[in-house]
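So for the sequence shown, our numbering puts the first residue at 2; every next one is plus one. Just so you know, even glycine gets a beta-carbon here, dropped at the ideal spot from N, CA and C.
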Amino acid sequence: MLTKEPSFASLLVKQSPAMHYGHGWIMGEDGKPWHPCHSQDELLSELTTRKRRKSKCMQRKVKWFISFVTEGRVIQYLKMICSVVIRRCRAMAVTFSR
Numbered sequence: 002m003l004t005k006e007p008s009f010a011s012l013l014v015k016q017s018p019a020m021h022y023g024h025g026w027i028m029g030e031d032g033k034p035w036h037p038c039h040s041q042d043e044l045l046s047e048l049t050t051r052k053r054r055k056s057k058c059m060q061r062k063v064k065w066f067i068s069f070v071t072e073g074r075v076i077q078y079l080k081m082i083c084s085v086v087i088r089r090c091r092a093m094a095v096t097f098s099r
């Protein structure tokens, strides 16, 4: 989708007092041409983000799974999961058949 907004590189050229080479290239600190798109990985690697927490539902599922495994009831756990999947598939089939 085209917009009339200027590109990020052109804004950098307009704001940068450094000499520029055109098409978004500007002179880096060491005198070499630099383009903002070519060093995005370096920029992103320096950023730190908070890790997403597991949802309560996922925590509950993990807790159930661990309890079933430690109690030796893996087959019961698998049957429970299969019954849920079968119910959801049947519900989807009914919805699509209408």
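Per DSSP, the continuous alpha helix (DSSP H) segment holding K62 begins and ends at 57-71. Around the Cβ of W35, a 10 Å sphere holds 16 or more other Cβ atoms; the residue is buried. M28 has P34 as its beta-bridge partners, per DSSP. The shortest CA-to-CA distance from V85 to any of E30, I27, K62 is the one to K62. The DSSP-derived three-state label of R74 is coil.
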